[in-house]
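> Got a structure for you, written out below as structure tokens; questions coming shortly.
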């Protein structure tokens, strides 16, 4: 008899735990990511990725039948670890150069973004005119010219 009571109690506890779990986790609304700006410069590769660009080419030449990306990545990682600081230096120098170029580009991009955020207020008048397509504007001008010609007659 004890076994039956224990089984009933276990059922009730499991039902309660399901209810508790449901009560504990209210579903939050999904957040949508802000769209990425396609004009924003990409971040520069690290020294390792600069090394991997070169390593992939040499690895493909040595192993043309290899189709696995993971094998190339693992071999590249092992090779990078085995390099001395002196052997890594050219890759680190190139990465530093790419980083400084990126810094210049991102500063220019950020400057454009801040200037761009101030400009729309100045162009409110232009937006009213831009609601009409160029052909509609030209049609309006043609209509005015025709009216002037009729007035002259």
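Numbering (my numbering), first residue to last: -10 to 142. All C-beta atoms in this analysis are idealised placements derived from N, C-alpha and C, irrespective of residue type, glycine included.
Below 8 Å CB to CB, which residues in the same chain sit around residue 113 once its five sequence neighbours on both sides are set aside?
Residue 113 sits at position 124 when you count from the first residue of the chain shown. Unreliable placement is indicated for residue 113, whose pLDDT of 46 sits below 50; no coordinate value is reported for it.
> For residue 33 versus residue 80, is the C-beta distance shorter than 8 Å?
Taking the first residue of the chain shown as 1, we reach residue 33 at position 44. Taking the first residue of the chain shown as 1, we reach residue 80 at position 91. Not in contact: residue 33 and residue 80 (Cβ atoms no closer than 8 Å).
> Between the C-alpha atoms of residue 102 and residue 25, what's the straight-line distance to the nearest angstrom?
Mapped onto the chain shown, residue 102 falls at position 113. Mapped onto the chain shown, residue 25 falls at position 36. Their Cα atoms are separated by approximately 14 Å.
> Specify, as a first and last residue, the run of the alpha helix (DSSP H) that residue 24 falls within.
Position 35 of the chain shown, counted from the first residue, corresponds to residue 24. No alpha helix (DSSP H) holds residue 24; DSSP gives it neither H nor E.
> Tell me the rounded alpha-carbon separation between residue 36 and residue 22.
Taking the first residue of the chain shown as 1, we reach residue 36 at position 47. Taking the first residue of the chain shown as 1, we reach residue 22 at position 33. Computed Cα separation, rounded: 30 Å.
> How close, in whole Å, do the beta carbons of residue 30 and residue 94 come, if the pair is a contact with beta carbons under 8 Å?
Here residue 30 corresponds to residue number 41 of the chain shown, with the count starting at 1. Here residue 94 corresponds to residue number 105 of the chain shown, with the count starting at 1. Sure, about 4 Å apart at Cβ, within 8 Å.
> With DSSP as the reference, label residue 45 as helix, strand or coil.
Looking up residue 45 in the chain shown gives position 56. Residue state, collapsed to three classes: helix.
> Going by Cα to Cα distance, which pick from 39, 27, 28, 59 is closest to residue 87?
As a first step, residue 87 is located in the chain shown; it is residue number 98 there, counting from the start. Selected option, being the one with the closest Cα: 39.
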